[in-house]
Amino acid sequence: MVDCYPKETRSRVMSKIRSKQTRPEILLRKSLWRRGWRGYRINVKNLPGKPDIVFRSQKVVIFVDGCFWHKCPICFVEPKSNRDYWLPKIGKNIARDQVAGEQLQKMGWKVIRIWEHEIKEDVEKCAEKIIKQISSKM
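Read left to right, the sequence shown gives residues 1 to 138 (the UniProt record's numbering).
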C-alpha cells in the first residue's frame, strides 16, 4: 500500500495519535453507558497495562487495542518505511500486552481485549460481548 502523504505530513499525523480517549474507546463507553453499564473507571494507572475501561466491583478490565499499534491478526499492514523503528516498537507493545494480561489474571481480574476494527464494524456487538462476560463473572 502506497502512502498518500509526504513523509513530513505522515510524521505530523502520526505524532498526533492519542494513546487514550481515542474514538473507538469513546464509542464503546457510550454504548455501555446507553445499556445502563455505569460505574466504570478509565485508564486506571495502578493496574498493569493501564486498562482503558475498568469495572472494579466485577474485577473486569477492558483494553481497546489499535489494529496498527498492537498488530491485529486480521487487518495489520506492515509499515513500508522506517521498519527498523516500527517493527520493534510494535513487538514491544505486544510483549507488554501479554505481560500485563498475565499479571492482571494472576491478580484475579478478567481481561477483555477488543480490536479497534471490531468497534468500527459493530460497536453494539462489542458492548454485548463485554456485558455477557461481565455478567458471567457476577
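All residues carry an ideal CB built from backbone N, CA and C; glycine is no exception.
The structure displayed is predicted, hence computed values, not measured ones.
Query	Result
Less than 9 Å between the C-beta atoms of Ile94 and Ile62, yes or no?	no
Which residue marks the beginning of the alpha helix (DSSP H) containing Lys106, and which one marks its end?	83-106
DSSP three-state call for Tyr5: helix, strand or coil?	coil
Residues in its own chain within less than 7 Å of Glu118 by CB, not counting five upstream and five downstream?	Cys126
Can you tell me the Cα-Cα spacing of Lys7 and Trp69, whole angstroms?	19 Å
Taking buried to mean at least 16 other C-beta atoms within 10 Å of its own C-beta, is Val77 buried or exposed?	exposed
Count the other CB atoms, across all protein chains shown, that sit within 10 Å of the CB of Asp65; report buried if there are 16 or more and exposed otherwise.	buried
Let me make sure I understand the geometry here. Which of Val123, Lys132, Ser57 has the alpha-carbon closest to that of Leu27?	Val123
For Asp65, name the three-state secondary structure that DSSP assigns.	strand
The alpha helix (DSSP H) with Arg34 in it runs from where to where?	23-34
Where does Ile42 fall in DSSP's three states?	strand
Going straight from the alpha carbon of Lys30 to that of Ile130, what length do you get?	13 Å
Which residue comes first and which comes last in the beta strand (DSSP E) that contains Lys110?	110-115
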